[in-house]
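Residue numbers (the numbering used here): 601 to 776. Note that beta-carbon positions come from the ideal geometry of N, C-alpha and C, so glycine has one too. Because the structure is a prediction, the values reported are computed rather than measured. What follows is one structure encoded as structure tokens, with my remarks underneath.
This is the structure we're talking about:
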């Protein structure tokens, strides 16, 4: 059995909601990365300055990422990272004018959230994020969807934690 298949089997065993990954809607499953070591996970937590949820670390220990459905969902090696935006007064004149013309608030509502995947349910470039501002609750951060093309950009709660998210996101009605 190829290593990729073994990785998928371990992910499905850990997150049973991923069993739909074998369906035609989610093919191809590509770019399956090797899991991260406990030392690599500890280094990520040190660099980020926060504790990651155990369920997310379990995911990362099995696979450092993969993509589904031609990139509609991407857990990549660039994840996780914080959404950090410059102060309005530090933006270029053109950036400030564009924001003022749009009427959207600054910074966007995802400020300070931790991105762990790209997910294009509504538009290319949308992401899923942990809301780390409230700290871990029962070992988890709430999971939000960042719809960057909404006007104004919005964040919508998807799940109370990573495990709930992983066991449910393939069945979200938005994928229709």
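Per DSSP, the beta bridge partners of residue 634 are 663. Residue 607 and residue 697 have their C-alpha atoms some 48 Å from each other.
Per DSSP, residue 701 lies in no beta strand (DSSP E) segment; the continuous alpha helix (DSSP H) that holds it begins and ends at 693-702.
According to the DSSP assignment, residue 766 belongs to the alpha helix (DSSP H) that extends over 762-766. For the pair residue 645 and residue 652, the CB atoms are nearer than the 8 Å cut-off. Per the coordinates, the alpha-carbon of residue 609 lies some 17 Å from the alpha-carbon of residue 656.
Using a 10 angstroms sphere on the CB of residue 639, the tally of other CB atoms stays under 16, which defines it as exposed. One Cα belongs to residue 676, the other to residue 724, and the distance between them is close to 15 Å. Put simply, the backbone Cα of residue 636 is about 44 Å away from that of residue 701. Counting other Cβ atoms within 10 Å of its Cβ, residue 632 reaches 16 or more and is therefore classed as buried.
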